[in-house]
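Down below is the structure, laid out as structure tokens.
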Amino acid sequence: MTIFDSLKSQQADICLILEGTYPFVSGGVSNWVSELIRVFPQYSFAVIFLGTRAEDYAAPCYPLEKNLVHLEMHYLFEEKKSPKNLNKNIDKKTAATVEAMHDKFVPFIEDKSNNLTEIAELYELFELLDDGEKLNECLFLRSKAAWQLIIKRYSDRYPDQSFFDYFWSVRNLHRPFWELKKIINHVPKFKVLHSASTGYAGFLGALLQKKYALPYILTEHGIYTKERWIELMHHYFFESTLNKLGSFERDDVILNIWIHFFEILAKVGYCAADLIISLTEEYRNRQIADGAIPAKTKIISYGIDFSRFLFLGKKKPNSEQAIIACIGRVVPIKDIKTFIRASALIIKKIPNAEAWIVGAMQEDPEYVTACKSLIATLGLENKIKFLGVQKIMDIYPKIDLLVLTSISEGSPFVMLESLAVGIPIVATNVGGCAELIHGNGTEDKAQGSAGRLVNIGDPSGVASAAIELLSDERAWIAAQQIGLARVRKYYSMKKLIENYGSIYEEAIAHGRNRI
Amino acid sequence: MILLSGMILVFGLAMASISVYTFMLNLFTWTVVTYFASCVLITFSCQLFLTRSFKKISWSFYSFLGLVCFFIPLFGIIITLSIVGFMSVFYTKTHPFADRVDETINLDEILPFSASYGAGGVPLHLLRENASTAERSKALYTLRKTSLSNINSLIYKLLPDSSDEMRLLAFNILEGQEDSITKRIHSIVSMLENDSLSNQKMATCQKDLAMLYWEFIYNHLISPELEELILDKAISYALSALEVLTTDATLWVLLGKIYKYAQQYQLAESAFQKAISFHISPAQVLPYMAEIKYKTHDYQAIKQYLNLSDTLLDIPQIASVKIFWDKN
Chain C
1 MTIFDSLKSQ QADICLILEG TYPFVSGGVS NWVSELIRVF PQYSFAVIFL
51 GTRAEDYAAP CYPLEKNLVH LEMHYLFEEK KSPKNLNKNI DKKTAATVEA
101 MHDKFVPFIE DKSNNLTEIA ELYELFELLD DGEKLNECLF LRSKAAWQLI
151 IKRYSDRYPD QSFFDYFWSV RNLHRPFWEL KKIINHVPKF KVLHSASTGY
201 AGFLGALLQK KYALPYILTE HGIYTKERWI ELMHHYFFES TLNKLGSFER
251 DDVILNIWIH FFEILAKVGY CAADLIISLT EEYRNRQIAD GAIPAKTKII
301 SYGIDFSRFL FLGKKKPNSE QAIIACIGRV VPIKDIKTFI RASALIIKKI
351 PNAEAWIVGA MQEDPEYVTA CKSLIATLGL ENKIKFLGVQ KIMDIYPKID
401 LLVLTSISEG SPFVMLESLA VGIPIVATNV GGCAELIHGN GTEDKAQGSA
451 GRLVNIGDPS GVASAAIELL SDERAWIAAQ QIGLARVRKY YSMKKLIENY
501 GSIYEEAIAH GRNRI
Chain G
1001 MILLSGMILV FGLAMASISV YTFMLNLFTW TVVTYFASCV LITFSCQLFL
1051 TRSFKKISWS FYSFLGLVCF FIPLFGIIIT LSIVGFMSVF YTKTHPFADR
1101 VDETINLDEI LPFSASYGAG GVPLHLLREN ASTAERSKAL YTLRKTSLSN
1151 INSLIYKLLP DSSDEMRLLA FNILEGQEDS ITKRIHSIVS MLENDSLSNQ
1201 KMATCQKDLA MLYWEFIYNH LISPELEELI LDKAISYALS ALEVLTTDAT
1251 LWVLLGKIYK YAQQYQLAES AFQKAISFHI SPAQVLPYMA EIKYKTHDYQ
1301 AIKQYLNLSD TLLDIPQIAS VKIFWDKN
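This is the structure we're talking about:
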């Protein structure tokens, strides 16, 4: 019997649709989900987890709360064995349905219109996918008729492109839809849908909303389309421009298909959602620019439970033997290497200082090795230490400064913790970090800064800011007090509970029209 | 379109037959009129037929076909139809997709990035924060293709950019390059740990390591606090490799470059001299040696080095420097 066997209830108040996060991957969004389930014990939750392949995930990283009553996992890119007899001809009617389905996919990859009403037609695709008796994924993607259709479309529309790239793009763009189809037909009974991103999770939310007419809430912590854009551009920069020395103009077409695909997924999510929530003003503006209707948008910040993160009452920094800490997973997005380089500069100036890296190390072992090798190259093995996962309240009393060198963030929960316990912060100017350090809105900004903001990938900037705060007692205390006041006023868990509580209450009681 | 073209061609040929008939009846005026009309119809049918495959054929080409038809009685028609037939076959065999690409791909989106006079160069487009992300990313790719060694200096300028996309793309590009070199270093270091390597193989590995460490510095991929350390490693591996590969001119050049960067000019100069003694083309090292003399304010020696090889005039970046020092 596994821990999941008890999570098969066929009824829940709220269905959380999550892509690559809780409960199998730790991080900001997962923390938020975990907290959300914990602070609403009056509601029962179901989680639909969308992942890449089963082998990419291990055991849950979070304790599963009692009110989590249903958990189902679906893997969108699972390798499947190629069935036999794919070359046999299929009847004309089925071949026509295959073609009609490919036609319905066209808006996902080609339609440049911003007309959201047309997007509603995309749902028709799922009606075709529903015809499971006559048609299946194998016939659609791998039959002789499908192969001939792909070749024809390639010749007609993209003869200038690499067929290899086109073929795999088509296959990988279409494949997840079959898995999504399976999900929408077999979900338990929910009262509210809530997805934590756009992308496939947002799209699934839209499909469920369409099929079951449920209220649908979409909360975005980062911007999904932006993250996919960066991944795609990065891939093409190295694969196409550096390795093959090919023409970017040529590859640009396939690249644009992918970018457009994720934009359409986001638009469908925004279009279907009754309420679109973001954590910061910047991301709210971005959602509107990407197709969200302004009236549906709302900002709800993270909240922190002050009873769990008590103010430590630290009076001043230990400027002679300072300990700086970077708390987070050891993954490239946290840019631990910049933290290490900055630490080297800080230790040069404050020889007795130490730098700690606190967080999970199993996610990207190669990156962990690269970081350790950098520390060895700098000869600072005794000064810069990896502590792994720790009880966070055992760490805060020992450190003097939190340093966050991430290249991308939503609104980091660790910053709220640090401000609540009274540890000032040096953070990169990404996502919601500026709002937490300098404040949001005139009144909040007038309070002052709870730390220092620096550019990404700038070790000397991080080091100077850290040295300034550690060596200037008055500046450190001022940052501590401002941070404490800010987090207590604007980022309490009580506020978060009030906000989401009223949304859930309205949605459960009155359905879509009252959110 | 083809049907219409065929019908008009039939009319044209019928008209040509009428003109032959009127010629046999000695009705010359009617012959000229009907033959002219048949030529016009045939040319028009050709135009309709070719439009299917070729979008941009100028009116002068069709005028030429018309004149051939008219001034070479009867045979002109055969020649014209042969030309059109040949063009159609040629198109089908060689350019089946040429025009369809125009129809299916938005050329405005994929046209190469270019800058016109007054618009500024690609770096300017890249660093212009109010330009669209698409335009700026295209500028970045264009710049990458130029293979400038200092492109990374420009990419560093994007790290504090206001656009999240550009900022993260720049970071990923720098990180990706660093990762790629680090991985290559690790794989060579693990090879070196194998005791069974021959001296020759070991020296080759050390040479590769020296080159990789130099790549960090040459491509501006290393932060200042690590630069000294990396230079030391590059020098140490190069010297170890030279104990075995004593006549490797490329390695001597590499050592010269590293010493020059480390401002150890005497050692750099003697490394370059060694490279020349092992038959490397002087043009490859003389500019570096001249640069060392410039840095040490020995201006006479600059002239002497630059005059040692006439082939320097063939290198565009060096030619103007050589001309300058020849004049002064």
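If you read the protein sequences in the order shown, they are chains C and G. Position 507 of the first sequence, counted from 1, bears residue number 507 in the working numbering, the numbering being contiguous throughout. Position 245 of the second sequence, counted from 1, bears residue number 1245 in the working numbering, the numbering being contiguous throughout. Every residue gets a Cβ at the ideal spot worked out from N, C-alpha and C, and that includes glycine.
- Around the Cβ of isoleucine 347 (chain C), a 10 Å sphere holds 16 or more other Cβ atoms; the residue is buried.
- Taking the Cα positions, isoleucine 276 (chain C) is about 24 Å away from valine 414 (chain C).
- With at least 16 other beta carbons inside 10 angstroms of its own, asparagine 429 (chain C) counts as buried.
- Secondary structure at methionine 73 (chain C): strand, using DSSP grouped into helix, strand and coil.
- Scanning its chain for C-beta atoms nearer than 6 Å, with the 5 sequence neighbours on each side dropped, one finds around phenylalanine 386 (chain C) the residues Ile357, in chain order.
- Among the residues of chain G, those whose CB is under 8 Å from the CB of histidine 234 (chain C) are Leu1169, Asn1172, Ile1173, Gly1176, following chain order.
- Residues of the stretch 393 to 420 of chain C with a C-beta atom less than 9 Å from some C-beta of chain G are Ile407, Ser408, listed in chain order.
- The residues Ser278, Thr297, Ile299, in chain order, have a CB closer than 7 Å to that of arginine 284 (chain C) in the same chain once the five nearest residues on each side in sequence are set aside.
- The C-alpha of phenylalanine 1023 (chain G) lies about 5 Å from the C-alpha of threonine 1031 (chain G).
- Interface annotation, proline 1224 (chain G): in contact with chain C, CB-CB separation under 9 Å.
- Ranked by how close their Cα comes to the Cα of proline 1160 (chain G), the residues C:Ser26, C:Ile407, C:Phe237 have C:Ile407 in first place.
- Below the 9 Å Cβ cutoff, chain C contributes no neighbours of leucine 1209 (chain G), its closest Cβ being approximately 13 Å away.
- The continuous beta strand (DSSP E) containing alanine 46 (chain C) extends over residues 45 to 51.
- By the criterion of a C-beta distance shorter than 7 Å, cysteine 1069 (chain G) is surrounded in its chain by Cys1039, Ile1042, Thr1043, Gly1076, Ile1077, Thr1080, once the five residues flanking it on both sides are discounted.
- Relative to glycine 205 (chain C), the option among C:His221, C:Ala272, C:Tyr236 whose CA is nearest is C:Ala272.
- Not one beta carbon of chain C lies nearer than 9 Å to the beta carbon of serine 1132 (chain G).
- For tryptophan 258 (chain C), the closest Cβ of chain G is not nearer than 9 Å.
- Phenylalanine 261 (chain C) sits in a helix when the DSSP states are folded into three classes.
- In terms of Cβ geometry, asparagine 1172 (chain G) and phenylalanine 237 (chain C) form a close pair [threshold 9 Å].
- For the stretch 440 to 463 of chain C, the residues whose beta carbon sits under 8 Å from a beta carbon of chain G are, in order, Asn455, Ile456, Gly457, Asp458, Pro459, Ser460.
- By the Cβ rule, the stretch 69 to 77 of chain C does not count as touching the stretch 93 to 110 of chain C, because fewer than three pairs are nearer than 8 Å.
- A Cβ-Cβ distance of about 5 Å is found for the pair leucine 1251 (chain G) and lysine 1207 (chain G), placing them in contact under the 8 Å criterion.
- If you look at alanine 344 (chain C), you'll find it in the alpha helix (DSSP H) that goes 336 to 349.
- Sixteen is the threshold: since fewer than 16 other Cβ atoms of the shown chains lie within 10 Å of the Cβ of glutamate 443 (chain C), the residue is exposed.
- Between the beta-carbon of alanine 434 (chain C) and that of glycine 451 (chain C) there is about 11 Å, and that puts the pair past the 8 Å contact cut.
- At a beta-carbon threshold of 7 Å, the residues of chain C lying near proline 1160 (chain G) are Asn455, ordered along the chain.
- The beta-carbon distance between proline 215 (chain C) and tyrosine 200 (chain C), rounded to whole angstroms, is 20 Å. This is too long to meet the 8 Å contact definition.
- Beta-carbon to beta-carbon, leucine 470 (chain C) and alanine 322 (chain C) are separated by about 5 Å, close enough to satisfy the 8 Å threshold.
- A check of alpha carbon separations from leucine 1074 (chain G) across G:Ser1019, G:Leu1312, G:Tyr1299 identifies G:Ser1019 as the nearest.
- DSSP places alanine 463 (chain C) in the uninterrupted alpha helix (DSSP H) bounded by 459 to 471.
- Contact annotation: in the stretch 323 to 343 of chain C, residues whose CB is within less than 7 Å of a CB in chain G are Pro332, Arg341.
- For lysine 1274 (chain G) and isoleucine 1323 (chain G), the gap between their C-alpha atoms comes out near 27 Å.
- In terms of Cα proximity to valine 1244 (chain G), the closest of G:Ala1203, G:Tyr1261, G:Asp1179 is G:Ala1203.
- Approximately 13 Å separates the beta-carbon atoms of isoleucine 37 (chain C) and phenylalanine 49 (chain C); this is outside 8 Å, ruling out the contact.
- Alanine 355 (chain C) carries a strand assignment under DSSP once its states are collapsed to helix, strand and coil.
- Collapsing the DSSP output to three states places glutamine 390 (chain C) in coil.
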